[in-house]
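Have a look at the structure below, then the notes.
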Amino acid sequence: MFSFFKHKFKFFKSSQSSISIEEQLANLSKIGITLKGNIEIIDILDFKISDYEERPYIHLIMCMGRERDSVLDFISDVYPSNDVWCFDRECIEDHGDYVQVLKRIAIMVEPALSLTDIQDYVNIQEGKVWIAFKANSTNYRYSLSVQDDWLSPEIFLIFSELLAERGSSRRFFFADTGNEILVVLIERNQFHQLNKLINIFTPSTQT
């Protein structure tokens, strides 16, 4: 299921005509990908607006999911959206790295899952990695696959299945953009509509 992580996603020139950034935001909002209420899109753009409009959705979604710098120091955390996450896939080197990943996931999966007591063990040389946490007061521990310093995509399968167990209809979908992993958390019945907008995402689970 996760073999595509061995290959870099190549950006393509979209066959779509230019789409205004406002229309893109509106269409993403319809499938549950939104900015936090106190953030304006102009505050988080990395490129010219025309770049976002000429390649619809891909640059905008990535922009919405990246950790921001002090330009957004007026919000409670450093991500413009809790529905999308874009980050360097080569981020696992030592103890504590998966703790940081889980803290971000914890924000995304609230309120369906409440994560506490987050721990990890990371030893790339030994080929041994595990994570542990409480989700809604139940203890969980998982071993994860090790591939150098790449984050294991199994983590999104784990949380999609936990969401399903809790009766949530939200699931993780993700894509490898080459240097980064792009992850969205939306209602599972919105996946088809997401791929109509941009067909790069893979489900973390079939349930």
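Numbering follows my numbering, with no gaps: position 2 of the sequence shown is 78.
C-beta: ideal position from N, C-alpha, C; glycine also.
Here the structure is a predicted model, which is why all the values come from computation and not from measurement.
*7 Å Cβ cutoff met for R264 and R242*: No, the pair does not count as a contact, with Cβ atoms beyond the cut-off.
Q. Grouping DSSP H, G and I as helix and E and B as strand, with all else coil, what is S221?
A. Of the three classes helix, strand and coil, the one that applies to S221 here is coil, per DSSP.
Original post:
In chain order, which continuous runs of the alpha helix (DSSP H) of length 4 or greater are located wholly inside the segment 106-147?
Top reply: Secondary structure remark: continuous alpha helix (DSSP H) runs of at least 4 residues inside the segment 106-147, in chain order: 125-130 and 134-141.
Checklist entry - Who are L258's beta bridge partners in DSSP? => result DSSP, once it has assigned bridges, lists C162 and A251 as partnering L258.
### Query
By how many angstroms is the C-alpha of E237 removed from the C-alpha of I231?
When rounded, the distance between both Cα atoms is 10 Å.
ask   = N255: which of P132, E166, Y218 and I118 sits nearest, CA to CA?
value = Relative to N255, the option among P132, E166, Y218 and I118 whose CA is nearest is E166.
Since E169 and D119 should fall inside the 8 Å C-beta cutoff, what is the C-beta to C-beta distance between them, to a whole number of angstroms?
That belief does not hold up - the Cβ atoms of E169 and D119 are roughly 31 Å apart, past 8 Å.
Is the separation between the beta-carbon of K210 and that of D193 shorter than 7 Å? Yes, these two residues count as a Cβ contact at 7 Å.
Practice item. Just mark A251 as buried or exposed, buried being the case when its beta carbon has 16 or more other beta carbons within 10 Å. Key: By the Cβ-count criterion, A251 is buried, with 16 or more other Cβ atoms from all chains shown falling within 10 Å of its own Cβ.
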